[in-house]
Amino acid sequence: MPDAVVIGAGPNGLVAANLLADAGWSVEVLEEQPEPGGAVRHDRGVHPDYVNDLFSSFYPLAVASPVLAALRLQDHGLRWSHAPHVLAHPLTDGRCAVLDRGVDITAASLDAFAAGDGAAWRRLHELWERLGGDLMDALFAPF
Numbered sequence: 010m011p012d013a014v015v016i017g018a019g020p021n022g023l024v025a026a027n028l029l030a031d032a033g034w035s036v037e038v039l040e041e042q043p044e045p046g047g048a049v050r051h052d053r054g055v056h057p058d059y060v061n062d063l064f065s066s067f068y069p070l071a072v073a074s075p076v077l078a079a080l081r082l083q084d085h086g087l088r089w090s091h092a093p094h095v096l097a098h099p100l101t102d103g104r105c106a107v108l109d110r111g112v113d114i115t116a117a118s119l120d121a122f123a124a125g126d127g128a129a130w131r132r133l134h135e136l137w138e139r140l141g142g143d144l145m146d147a148l149f150a151p152f
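Letter 24 of the sequence shown, counting from 1, is numbered 33 in my numbering, and no numbers are missing.
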């Protein structure tokens, strides 16, 4: 009998199983789906030329996670990929608010979407520049 049974082979379950195994525990991972990955799985079901995310596709904190960094997933083939824009919210009237890695692009998009939102984004970004490091440290600190 294993020391721990992890239910679900999604990112959180796999990380938990890895940490337990690294600590010397015997671990069994159970997954209902035919393949691991949970909400970060993809396939070519829409068209063979396109890779589609089956669930969510935006993980802003994953690349900053010390737990994921310690797993050294890049040594096993992980490549972080960034879309041309971080995300977009198109509306049926043709307007589309876009968040981009570039502050100027995001501010212009949001201001075109709703006057004044670009300036609000810049203020939010300035706040992030001041507090982001401390906030990330707090988010990733152990309990």
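Note that beta-carbon positions come from the ideal geometry of N, C-alpha and C, so glycine has one too.
According to DSSP, simplified to helix, strand and coil, what is residue i?
i: residue 31; result: helix
Using the DSSP secondary-structure output, state which residues sit across from residue i in a beta bridge.
i: residue 99; result: 105
i: residue 138; result: In the DSSP output, where bridge partners are listed per residue, residue 138 has none listed.
Can you tell which of the options has the C-alpha that lies nearest to the C-alpha of residue i?
i: residue 18; options: 87, 11 and 38; result: 38
i: residue 40; options: 14, 57, 54 and 136; result: 14
i: residue 53; options: 45, 46, 62 and 47; result: 62
i: residue 112; options: 126, 48, 143 and 89; result: 126
i: residue 124; options: 138, 146 and 106; result: 106
i: residue 67; options: 93, 86 and 83; result: 93
i: residue 115; options: 129, 35 and 70; result: 129
For the ligand NAD, is there a heavy atom less than 7 Å away from the beta-carbon of residue i?
i: residue 26; result: With respect to the ligand NAD, the structure offers nothing, as it holds no ligand at all.
Locate the beta strand (DSSP E) running through residue i, then write down its first and last residues.
i: residue 119; result: No beta strand (DSSP E) holds residue 119; the alpha helix (DSSP H) holding it covers 112 to 122.
i: residue 13; result: 13 to 16
Less than 8 Å between the CB atoms is what I'm expecting for residue i and residue j, so what's the real figure, rounded?
i: residue 27; j: residue 80; result: 6 Å
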